[in-house]
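Here the structure comes first, spelled out in structure tokens, and everything after it is commentary.
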Amino acid sequence: MLSEMWLRLHGSNAVICVVWADLWISRVAQSGFLNTVINENAKERAAEAVSLFENVETTD
């Protein structure tokens, strides 16, 4: 998977950036600027980023 390879190259800073961006999108969605679908997508992407980071940590 491309995102997993990217995380291997860039490490924890990449995860922090992805999670921060997704949390920001989620926050904007909660404030009413975006719809609920985008909010749910942001939560899923943040969970995926954390999962990928955990996989990278255990395989290194």
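Each residue of the sequence shown is one higher than the last, beginning at 189 in the working numbering.
C-beta: ideal position from N, C-alpha, C; glycine also.
- A237 to R215, Cα distance in whole Å? Taking the straight line from one Cα to the other gives about 17 Å.
- Can you say whether A230 is buried or exposed, counting buried as having 16 or more other CB atoms within 10 angstroms of its CB? Buried, by the Cβ-count rule.
- Task: Tell me whether A234 is buried or exposed, calling it buried when 16 or more other Cβ atoms sit within 10 Å of its Cβ.
- Result: Taking all protein chains shown into account, A234 has 16 or more neighbouring C-beta atoms within 10 Å of its C-beta and is therefore buried.
- Message: So, for L211: in the same chain, excluding its five sequence neighbours on each side, which residues have a beta-carbon less than 8 Å away from its beta-carbon?
- Response: Result list for L211: A230 and A234, in chain order.
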